[in-house]
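Participant: Sequences listed follow chains S and D, in order.
If you're matching positions, the first sequence starts at 1 in this note's numbering and goes up one per residue.
If you're matching positions, the second sequence starts at 493 in this note's numbering and goes up one per residue.
Protein chains: 2
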Amino acid sequence: MFESAELGHQIDKETYRKEEPELRQALLEAQFDLLEKGNFPLIVVIAGFDGAGKGETVNLLNTWMDPRHITTFATDPPDTGELERPPMWRFWQALPPKGKTGIFIDAWYMKTIFDRAYGQIDHAQHDQAMDRICHFERMLIDEGGLLVKIWLHLSKDRQRQRFKDLEKNPDTRWRVTDRDWDHYKHYDKILVAADDALRHTSSAEAPWIVVEGGDTAYRSLTVGRCLLQSLQRHLAARREHAPPNSLPPLLPAIDNLHLLQTLDLSRSLKKKAYKDRLEKFQGRLSLLSRHPGFQDLSVVAVFEGNDAAGKGGCIRRVTGALDARRYRVIPVAAPTDEEQAQPYLWRFWRQLPRRGRLAVFDRSWYGRVLVERVEELCRPEDWMRAYREINDFEEELVRHRILVVKFWLAISKEEQLRRFQEREQVEFKRFKITDEDWRNREKWDLYEQAVGDMVDRTSSAVAPWTLVEAEDKRFARIKVLQTLCRRIEKAL
Amino acid sequence: MFESAELGHQIDKETYRKEEPELRQALLEAQFDLLEKGNFPLIVVIAGFDGAGKGETVNLLNTWMDPRHITTFATDPPDTGELERPPMWRFWQALPPKGKTGIFIDAWYMKTIFDRAYGQIDHAQHDQAMDRICHFERMLIDEGGLLVKIWLHLSKDRQRQRFKDLEKNPDTRWRVTDRDWDHYKHYDKILVAADDALRHTSSAEAPWIVVEGGDTAYRSLTVGRCLLQSLQRHLAARREHAPPNSLPPLLPAIDNLHLLQTLDLSRSLKKKAYKDRLEKFQGRLSLLSRHPGFQDLSVVAVFEGNDAAGKGGCIRRVTGALDARRYRVIPVAAPTDEEQAQPYLWRFWRQLPRRGRLAVFDRSWYGRVLVERVEELCRPEDWMRAYREINDFEEELVRHRILVVKFWLAISKEEQLRRFQEREQVEFKRFKITDEDWRNREKWDLYEQAVGDMVDRTSSAVAPWTLVEAEDKRFARIKVLQTLCRRIEKAL
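1) If you follow the alpha helix (DSSP H) that Lys298 (chain S) is in, where does it begin and where does it stop?
2) Could you tell me whether any non-hydrogen atom of the ligand HEM is closer than 7 Å to the CB of Gly452 (chain S)?
3) Return the residue from the list D:Pro845, D:Trp900, D:Gly848 that minimises the CA-CA distance to Tyr858 (chain D).
4) If contacts are defined as beta-carbon pairs under 8 Å, then Ile402 (chain S) and Val300 (chain S) qualify, I think. What distance do you get, rounded to the angstrom?
5) Applying a beta-carbon distance threshold of less than 8 Å, which residues of chain D neighbour Thr222 (chain S)?
6) For Phe596 (chain D), tell me which candidate among D:His627, D:Arg933, D:Asn554 has the shortest Cα-Cα distance.
7) Quick check: what's the CA-CA separation for Leu352 (chain S) versus Arg85 (chain S)?
8) Do Met506 (chain S) and Glu394 (chain S) have their CB atoms nearer than 8 Å?
9) Between the alpha carbons of Leu322 (chain S) and Leu297 (chain S), how many angstroms are there, rounded?
10) Please check if any C-beta of chain S sits within less than 8 Å of the C-beta of Gly775 (chain D).
11) Using 8 Å as the threshold, is the C-beta distance between Val453 (chain D) and Val972 (chain D) below it?
12) Going by Cα to Cα distance, which pick from S:Glu143, S:Tyr118, S:Gln128, S:Ile46 is closest to Gly102 (chain S)?
13) Determine, using beta carbons only, whether His9 (chain S) and Tyr218 (chain S) come nearer to each other than 8 Å.
14) Identify the contact partners of Leu755 (chain D) in chain S, using a Cβ-Cβ distance below 9 Å as the criterion.
15) Taking Cβ-Cβ distances shorter than 7 Å, what residues in chain D pair up with Ile11 (chain S)?
16) Using alpha carbons as the reference points, say which of S:Val192, S:Leu228, S:Cys378 lies closest to Asp33 (chain S).
17) Is the region 505-516 of chain D touching the region 346-364 of chain S, taking contact as three or more C-beta pairs under 8 Å?
18) Do Met493 (chain D) and Asp456 (chain S) count as a contact pair if the criterion is CB distance below 8 Å?
19) Using the beta-carbon count (16 or more within 10 Å), is Pro244 (chain S) buried or exposed?
20) Assuming Gly224 (chain S) and Trp64 (chain S) make a contact with CB atoms under 8 Å, what is their CB distance in whole Å?
21) Would you list the residues sitting across from Tyr218 (chain S) in a DSSP beta bridge?
22) I'd like the span of the alpha helix (DSSP H) that includes Lys272 (chain S), first residue to last.
23) Helix, strand or coil: how does DSSP classify Asp854 (chain D) here?
24) List the residues of chain S that Glu495 (chain D) touches, going by C-beta distances under 7 Å, in chain order.
25) Answer with yes or no whether the minimum CB distance from Asn391 (chain S) to chain D is below 8 Å.
26) Less than 8 Å between CB atoms is the rule here; does Ile441 (chain D) satisfy it with respect to chain S?
27) Going by other Cβ atoms of all chains shown within 10 Å of its Cβ, with 16 needed for buried, is Lys565 (chain S) buried or exposed?
28) For Tyr387 (chain S), decide whether its Cβ has a neighbour in chain D, counting only Cβ atoms nearer than 8 Å.
29) Who are the neighbours of Val684 (chain D) on chain S, taking C-beta pairs under 9 Å?
30) Counting only beta-carbon atoms, is Gln295 (chain S) nearer than 8 Å to chain D?
31) Take the Cβ of His291 (chain S) as the centre, count every other Cβ of all protein chains shown within 10 Å, and call the residue buried at 16 or more, exposed below.
32) Cα separation between Met130 (chain S) and Asp115 (chain S)?
33) Can you give, in chain order, each stretch of the beta strand (DSSP E) that sits fully within the region 111-183 of chain S and has at least 3 residues?
34) Determine the extent of the beta strand (DSSP E) in which Phe73 (chain S) is found, giving its start and end residues.
35) Measuring only the C-alpha atoms, how far is Asp1020 (chain D) from Gln449 (chain S)?
36) Taking only runs that begin and end inside the region 862-926 of chain D, name each unbroken alpha helix (DSSP H) of 4 or more residues, in chain order.
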């Protein structure tokens, strides 16, 4: 990847002085076009060798463009709050919304490259990490983002020269650290690892651009032009709308037998048995949440289900067993403006709990493959790819020792009608029933199909779905509590 | 992935008898539409558990549709010719051309799934293998193919029942093997591995469709409808043409310094020194090709370069040292009709040498990112993704102990002119110069840029480019021979 970036590119000051103002003006204009008309974020990755001018370049971009619409993310060692979340969490937090620019120095790359160079991970693990990055970046692009990846390169000789020069000058001596020299010692290994990483993650939509970093003028103009051209092309292209792709159908309904129909909805619990078990399992859950091992764990509980299936009641029986400082219930409604300006998973990433905490999602990221699919709030290609993205997301959580427990609460169409009518009649329950509920009800079969596909495609060994027979509320609540206890016990 | 396929789906005979003729007719019509109007191949993967009806389904499809336009590939143990090529080679050989259908039983999946289930590979290696499959399938789709993936499922109980039933009947007893019972014993592990594999490789464009295999009527109708709907949608969609995507620029030319300009084209050899070294290196190459270790190796040598740079002369000096039974020179011209009906890498896959052999490509798969890019013979998104595809291809070769040696022969624009003129004047060389050569020459700068990008993006540690200063033919030939010898020595 680095051949053309070791040639000694440079430009004379005269040329730079002539070209810089024009480029700067054009960049600023493109940035405002993005802000006003662009319905996408600009995500810039600036990675590369120490001493190749990463910091300078980022500072320059912030000077050329309007820094109010740029956020710069430097990959410092993670703080403790970040350490308690999956590694990608802090990058999600820093993603720019539509219209804005985010610059990520070193981004999600350098740690893996160094791990590989220093022999912390083997080849297969490196490839796994790179593929996760590919999926993440693919998702950013599928969600409309413009991703520009720039590698600032220095040959080994030039890196040494650069460090020596900086050390000679008392004003810049502090910029060269022991870590820099250690990296220099491992230059060859880092080079091989970086070459592999860049080749692995270069795609047609987001190719790596390797820029020689030795000459400031050359580097600055090249990076600037790169950004400018990418931005201009993307702005021009976004005005047209791509026609829907041909997408294959999922499993066709041949015999009208669906997963949900196989549930035995007659299962129920007598009042006395319910009270006993409620007490028992709430006690168990309470103890579990105070278990020392729970401090190294987080729990994400997801509640989905038919309208009026009793999610709220189940959730209250769970939280009733817990210390309020330890849990958070996140009711998922329509996304806010801020959330709408981000990839759809963003609003769930931001809610991930710290260690020792429990996050309860009342509805969740599964809206994408349920309501958004059925109500055609997104394109088929969007919900089709969501299965994969959701699996990736949950795998990331599980890898970070976050327990993912997912419940689908199922009731029959008749029971739903009964509950709807009841809600309309009982004063204090009337707020719970809306026209939308009645509309959703008309699409019962479509939802049933969507739930089947969802369970089939996202019930993984690490994050399985639990289908809950919820016709009898007591039975449902106990099954939820019991499942949650068992999953936590297994994880401890 | 299997929840909905363990419900006991079935259809009564009456329904089947009513629906089958209609489906059959529609499938046949769709198949002929594909043949006549469809500019793409239909690639069907039928995988799944033993006893779930893979064979029966494939036979049925061949009955319903016109078997003259279907090829069926059963993944039997590879023959010795196949073992000498990379594992994917035999699948490439079996890919259907545009307009036709290829059915792959078990395809490129079952080996990895069994390896995982039987503990032959670990989790990271499994993910690596699955990602390679993802890239391969992505390439098939990007090249316009319609890929339909069907998993025929049986629950553990039903698998045992199925085997017992078959064993009871003397006519079908032979169909149940020890291997089947061994797989049954490992059912749970295979299930987990398959679940992982399917989830990993399900994409929006080619999702896995899991079909319960127990009831023949249900299974047949479901698979048939699936194929029919996929085919109909794809045929309808292909008629519109997608507008060009917005693609980012590669490295912009800021200072007009290109990789090729850094070559010292004045390097040359005197006649005497040339003769000595020619003899020496040809002797060395000859010995190397007869080295016992060479029998476990294959060599793929790629020659690219400016028109009139002397590729032919270099190749003759290489082959001159070899036994004619051991090498093959593949001059790459415009693709044949048959080749044009396949993904562009297909015509190179088919030429891969057996063990102990050497394949010399006079021009190669790099045409995609050179002439096809510059002459706009393919869309930008096609050559942009080609870097990745080429890297994948060469990695596959290297992983299979095929040595990949790539030469770019460089001459100056002036020297090219001199050689062109000479060719026009010398009678026996006149066939070597065409109008096209003159046209290419006009685009010298674009080619220079394309070569730079090519070397940057495809010169990997395992398959590096060697740039050859070819202004002096003697120097070039020796450098080629010497490089080849060294690479083979290192590999032995």
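Where a beta carbon is used, it is the ideal one built from N, C-alpha and C, also for glycine.
Facilitator: Working from what's here:
1) Walking along the first sequence from the start, residue 298 (chain S) turns up at place 298. Checking the sequence, you will find Ser at residue 298 (chain S) rather than Lys. First-last for Ser298 (chain S): 298-305, but that is the beta strand (DSSP E), not the alpha helix (DSSP H).
2) Within the structure as shown, the ligand HEM is missing, as the structure has no ligands at all.
3) As a position in the second sequence, residue 858 (chain D) is number 366, starting the count at 1. When each option's Cα is compared against that of Tyr858 (chain D), the closest is D:Trp900.
4) In the first sequence, the residue the question calls residue 402 (chain S) occupies position 402. In the first sequence, the residue the question calls residue 300 (chain S) occupies position 300. With 8 Å as the limit, Ile402 (chain S) and Val300 (chain S) qualify as a contact, their Cβ atoms being about 6 Å apart.
5) Against the first sequence, residue 222 (chain S) aligns to sequence position 222. Near Thr222 (chain S) (Cβ distances below 8 Å), the residues of chain D are Leu743, Pro744, Ile746.
6) One-based indexing of the second sequence puts residue 596 (chain D) at position 104. If we check each option's Cα against that of Phe596 (chain D), D:Asn554 comes out closest.
7) Along the first sequence, read from residue 1 onward, the residue named residue 352 (chain S) stands at position 352. Along the first sequence, read from residue 1 onward, the residue named residue 85 (chain S) stands at position 85. Using only the alpha carbons, I get a separation of about 7 Å.
8) Lying before the first or after the last residue shown, residue 506 (chain S) is absent from chain S, which here runs from 1 to 492.
9) Within the first sequence, numbered from 1, the residue matching residue 322 (chain S) stands at position 322. Within the first sequence, numbered from 1, the residue matching residue 297 (chain S) stands at position 297. For Leu322 (chain S) and Leu297 (chain S), the distance between alpha carbons rounds to 15 Å.
10) Within the second sequence, numbered from 1, the residue matching residue 775 (chain D) stands at position 283. No - not a single Cβ of chain S is within 8 Å of the one on Gly775 (chain D).
11) Outside the shown range of chain D (493 to 984) lies residue 453 (chain D), about which nothing can therefore be said.
12) Taking the first residue of the first sequence as position 1, residue 102 (chain S) is located at position 102. Comparing alpha-carbon positions, the option among S:Glu143, S:Tyr118, S:Gln128, S:Ile46 lying closest to Gly102 (chain S) turns out to be S:Ile46.
13) By 1-based counting over the first sequence, the position of residue 9 (chain S) is 9. By 1-based counting over the first sequence, the position of residue 218 (chain S) is 218. For His9 (chain S) and Tyr218 (chain S), yes; Cβs fall inside 8 Å.
14) Position 263 of the second sequence, counting from 1, holds the residue named residue 755 (chain D). For Leu755 (chain D), no chain S residue has a Cβ inside 9 Å of its Cβ, as the nearest lies near 11 Å away.
15) Walking along the first sequence from the start, residue 11 (chain S) turns up at place 11. By Cβ distance, chain D contributes Ile746, Asp747.
16) Numbered from 1 along the first sequence, position 33 holds the residue referred to as residue 33 (chain S). The shortest C-alpha separation from Asp33 (chain S) is found at S:Leu228.
17) no
18) Locating residue 456 (chain S) in the first sequence gives position 456, where the first residue counts as 1. Locating residue 493 (chain D) in the second sequence gives position 1, where the first residue counts as 1. Against a cut-off of 8 Å, the Cβ pair of Met493 (chain D) and Asp456 (chain S) comes out as a contact.
19) Here residue 244 (chain S) is taken as the residue at index 244 of the first sequence, counted from 1. Model confidence at Pro244 (chain S) stands at a pLDDT of 49, short of 50, so the residue's coordinates are unreliable and nothing is read from them.
20) What you label residue 224 (chain S) is simply residue 224 of the first sequence in a count that begins at 1. What you label residue 64 (chain S) is simply residue 64 of the first sequence in a count that begins at 1. Going by Cβ atoms, the distance from Gly224 (chain S) to Trp64 (chain S) rounds to 7 Å, so yes, they are a contact pair.
21) On the first sequence, position 218 is the one that residue 218 (chain S) refers to. According to DSSP, Tyr218 (chain S) bridges with nothing at all.
22) For the purposes of this step, residue 272 (chain S) is taken as residue 272 along the first sequence, with counting starting at 1. Its alpha helix (DSSP H) spans residues 271-289.
23) Locating residue 854 (chain D) in the second sequence gives position 362, counting from the first residue. The answer is strand: DSSP assigns Asp854 (chain D) an E or B state.
24) Against the second sequence, residue 495 (chain D) aligns to sequence position 3. What Glu495 (chain D) touches in chain S: Leu259, Val455, Asp456, Ser459.
25) Within the first sequence, the letter at position 391 stands for residue 391 (chain S). Yes, Asn391 (chain S) lies at the interface with chain D (some Cβ there is under 8 Å from its Cβ).
26) Outside the shown range of chain D (493 to 984) lies residue 441 (chain D), about which nothing can therefore be said.
27) Past the edges of chain S, shown from 1 to 492, lies residue 565 (chain S), and the structure says nothing about it.
28) Stepping through the first sequence from its first residue, residue 387 (chain S) is reached at position 387. At least one chain D Cβ lies under 8 Å of Tyr387 (chain S).
29) Locating residue 684 (chain D) in the second sequence gives position 192, counting from the first residue. Near Val684 (chain D) (Cβ distances below 9 Å), the residues of chain S are Ala461.
30) The residue you call residue 295 (chain S) lines up with position 295 of the first sequence. Output row for Gln295 (chain S): interface = no.
31) Counting from one through the first sequence, the residue named residue 291 (chain S) turns up at place 291. When all chains shown are included, His291 (chain S) counts as exposed.
32) By one-based count along the first sequence, residue 130 (chain S) stands at place 130. By one-based count along the first sequence, residue 115 (chain S) stands at place 115. Met130 (chain S) and Asp115 (chain S) have their C-alpha atoms roughly 12 Å apart.
33) 146-153
34) As a working note, residue 73 (chain S) is residue 73 in the first sequence. Start and end: 70-74.
35) In this structure chain D extends from 493 to 984, so residue 1020 (chain D) is not present and cannot be described.
36) 863-866, 872-891, 905-917
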